[in-house]
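Engineer:
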Amino acid sequence: MKKNRRDFIKATGLLGAASFLPLNNPLSMLNKADNFGDCVLIPSETAGPFPLDLTDNTYYFRQDVREDRTGTLLKLKLKIIGLQNCLPMQNVRVNIWHCDRAGLYSGYYNPMNTGSTPETANMKWLRGYQLTDANGEVEFITIFPGWYQGRTCHIHFQVHVSSSYSAISQLTFDVDTKQAIYAANPAEYTKGPDPTTPSKDNIFSDGYQYQVATLTPGDDGGSYNSYMEIAVKGSGTTAGTGHLEKENAKNFTLGQNYPNPYIDETTIPIRLLHPSSLTLDLFDLQGNKVTSIQKNNLLPGELNIPLNMKTLGLPARSYVYQVTIKNNNGTYKDCKMMTLAK
Numbered sequence: 001m002k003k004n005r006r007d008f009i010k011a012t013g014l015l016g017a018a019s020f021l022p023l024n025n026p027l028s029m030l031n032k033a034d035n036f037g038d039c040v041l042i043p044s045e046t047a048g049p050f051p052l053d054l055t056d057n058t059y060y061f062r063q064d065v066r067e068d069r070t071g072t073l074l075k076l077k078l079k080i081i082g083l084q085n086c087l088p089m090q091n092v093r094v095n096i097w098h099c100d101r102a103g104l105y106s107g108y109y110n111p112m113n114t115g116s117t118p119e120t121a122n123m124k125w126l127r128g129y130q131l132t133d134a135n136g137e138v139e140f141i142t143i144f145p146g147w148y149q150g151r152t153c154h155i156h157f158q159v160h161v162s163s164s165y166s167a168i169s170q171l172t173f174d175v176d177t178k179q180a181i182y183a184a185n186p187a188e189y190t191k192g193p194d195p196t197t198p199s200k201d202n203i204f205s206d207g208y209q210y211q212v213a214t215l216t217p218g219d220d221g222g223s224y225n226s227y228m229e230i231a232v233k234g235s236g237t238t239a240g241t242g243h244l245e246k247e248n249a250k251n252f253t254l255g256q257n258y259p260n261p262y263i264d265e266t267t268i269p270i271r272l273l274h275p276s277s278l279t280l281d282l283f284d285l286q287g288n289k290v291t292s293i294q295k296n297n298l299l300p301g302e303l304n305i306p307l308n309m310k311t312l313g314l315p316a317r318s319y320v321y322q323v324t325i326k327n328n329n330g331t332y333k334d335c336k337m338m339t340l341a342k
């Protein structure tokens with residue numbers, strides 16, 4: 001399927017204006033996790049010296065972030081929950097980025113990015129984002145990161161809750177399991193064992209109890225699975241609200257498809273506040289547009305759009321649906337994840 005990314009998901013839930021935490025955001029000043037009931041707020045960490053703002057680059061909407069990078073296969077699953085009630089938060093964007101097996105980051109050419117070349121600045125590997133499903137989960141296919149001087153092995157992540165709030169942090173792994181991966185794959189991880197433990201890492205040295213992801217062997221014997229639960233400010237099942245969300249609400253409301261999770265059929269509810277035209281685009285989790293539905297000259301009111309995967313000629317799987325509304329006030333977009341029942 002040919003990729004169509006030019007108009008892909010430029011919507012509030014996925015591509016809001018505020019991609020990173022402002023410096024005066026109280027979360028950016030947290031060094032320790034805050035405890036609210038049974039959930040613990042993920043400690044805020046620096047985005048590091050090699051972040052890229054993915055907000056306006058829809059190329060990065062993908063599960064498989066490897067491109068040409070080789071290393072031990074890592075299947076990473078992150079679950080996002082709301083701090084206020086510990087319930088899953090669906091339809092929030094999660095970005096990840098990390099170094100390759102040699103400790104090199106894509107997108108940068110400077111002395112701090114050891115081994116980088118001018119060509120490295122144009123690379124995009126090991127960076128991507130997904131939208132959380134009905135269980136608050138995202139999954140990525142990547143490689144197990146290497147390490148570089150002064151930092152223990154780690155993965156950066158950003159949870160974009162709304163156009164006014166994001167949480168940025170980092171995760172690491174159990175030291176013994178990590179070192180075993182390096183030792184078992186010397187041809188790939190030629191630098192050998194990681195010399196820096198989390199307690200000696202200046203990012204994790206103030207405490208990393210809530211930033212250690214699980215790391216277990218995959219069924220094939222060569223890959224690894226990793227999982228971590230991340231609590232961010234907000235309430236599970238309730239979307240965040242920022243400026244863009246408020247502007248959307250003056251013109252239309254995009255509801256969650258039902259049933260969700262679904263099997264073969266589902267319905268997308270929409271409420272229009274003004275006469276409008278509407279486009280519904282469906283994307284797979286690698287960012288490919290797989291179908292598009294156009295409806296014109298719609299009157300204000302409730303609208304339900306049924307989707308039958310067999311009729312559309314599509315396999316039943318999880319998709320992201322984006323709705324674009326055009327009316328006399330302008331153009332407005334929103335998107336959500338529809339989750340396949342397992």
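Numbering (this note's numbering), first residue to last: 1 to 342.
Built from N, CA and C at the ideal position, the CB exists for glycine as well.
#1: Could you tell me how far apart the beta carbons of A134 and N260 are, in whole angstroms, since I believe they sit closer than 8 angstroms?
#2: Take M309 and list the residues in its own chain whose beta-carbon comes closer than 6 angstroms to its own, dropping the five residues that flank it on each side.
#3: Please state whether DSSP places L312 in a helix, a strand or coil.
#4: Could you tell me whether the segment 168 to 179 touches the segment 187 to 199, using the rule of 3 or more Cβ pairs below 8 angstroms?
#5: Rounded to the nearest angstrom, what separates K75 and K246 at their Cα positions?
#6: Just the Cα atoms here: how many angstroms apart are L244 and V92?
#7: Which residue from T46, G236, R66, D281 puts its Cα closest to that of G82?
#8: Run the CB neighbour count on S44, radius 10 Å, all protein chains shown included, and call it buried at 16 or more, exposed below.
#9: Could you give the residue range of the beta strand (DSSP E) that holds T172?
#10: Output the distance between the C-alpha atoms of S162 and L285, rounded to the nearest integer angstrom.
#11: May I ask you to report which of helix, strand or coil DSSP gives E45?
#12: Relative to the C-alpha of H160, which residue among N57, T253, T142, T132 is closest?
#13: In this structure, how does DSSP classify S199 when only helix, strand and coil are distinguished?
#14: Alpha carbon to alpha carbon, how far is N57 from T324? Give it in angstroms, no decimals.
#15: Is the separation between the beta-carbon of D194 and that of Q170 shorter than 8 angstroms?
#16: Exposed or buried, what is L23 when buried is set at 16 or more other beta-carbons lying within 10 Å of its beta-carbon?
#17: With DSSP run on the structure shown, which of helix, strand or coil describes S28?
#18: For P315, would you say it is in contact with chain D, using Cβ-to-Cβ distances shorter than 8 angstroms as the test?
#19: For N248, name the three-state secondary structure that DSSP assigns.
#20: P111: buried (16+ other C-beta within 10 angstroms of its C-beta) or exposed?
#21: Once you ignore the five residues that flank K79 on each side, which residues in its own chain have a CB closer than 6 angstroms to its CB?
#22: Which residues share a DSSP beta bridge with I293?
#23: When you compare only the Cα positions, how much space is there between T70 and S277?
#24: Express the C-alpha separation of S223 and W97 in angstroms, rounding to a whole number.
#25: Please name the residue in Y227, K233, L307, N328 whose C-alpha comes closest to that of L272.
#26: Here's the rule I'm using: 16 or more other beta-carbon atoms within 10 Å means buried, otherwise exposed. How should N297 be labelled?
#27: Kindly list the residues whose CB is nearer than 8 angstroms to the CB of T266, restricted to its own chain and excluding five residues on each side of it in sequence; keep chain order.
#28: Counting along the chain, where does the beta strand (DSSP E) carrying S226 start and finish?
Structural biologist: Let me spell this out:
#1: That belief holds up - the Cβ atoms of A134 and N260 are roughly 5 angstroms apart, short of 8 angstroms.
#2: Around M309: D264, A316.
#3: In the three-state DSSP reduction, L312 falls in the helix class (H, G or I).
#4: Yes: the two stretches touch, three or more of their Cβ pairs being nearer than 8 angstroms.
#5: For K75 and K246, the distance between alpha carbons rounds to 36 angstroms.
#6: One C-alpha to the other measures close to 14 angstroms.
#7: For G82, the closest of T46, G236, R66, D281 by C-alpha to C-alpha distance is G236.
#8: Taking a 10 Å sphere around the C-beta of S44, we find 16 or more other C-beta atoms and assign the residue as buried.
#9: Per DSSP, the continuous beta strand (DSSP E) segment holding T172 begins and ends at 165 to 173.
#10: Rounded to whole angstroms, S162 and L285 show a C-alpha spacing of 20 angstroms.
#11: DSSP places E45 in coil when its eight states are reduced to three.
#12: Looking only at N57, T253, T142, T132, the smallest Cα-Cα distance to H160 is reached by T132.
#13: Under the three-state reduction of DSSP, S199 is assigned to helix.
#14: Computed Cα separation, rounded: 18 angstroms.
#15: Not closer than 8 angstroms, so no.
#16: For L23, the predicted structure reports a pLDDT of 28, less than 50, and the residue's modelled location is therefore unreliable. The matter cannot be settled from this model.
#17: Any reading at S28 needs caution, since the residue's pLDDT is 31, under 50, leaving its predicted position unreliable; the model's value is listed next. Note: S28 maps to helix in three-state DSSP.
#18: The structure shown has no chain D; it contains just one protein chain.
#19: DSSP places N248 in the helix class (H, G or I) of the three-state scheme.
#20: By the 10 Å Cβ count, P111 comes out exposed.
#21: Once the five neighbours on either side are set aside, the close Cβ partners of K79 are G136, E137, E229.
#22: Paired residue(s): L280.
#23: T70 and S277 have their C-alpha atoms roughly 46 angstroms apart.
#24: Here the C-alpha atom of W97 lies approximately 19 angstroms from the C-alpha atom of S223.
#25: The candidate whose alpha carbon is nearest that of L272 is N328.
#26: Exposed.
#27: N257, Y258, P259, N260, P306, L307, M338.
#28: If you look at S226, you'll find it in the beta strand (DSSP E) that goes 224 to 232.
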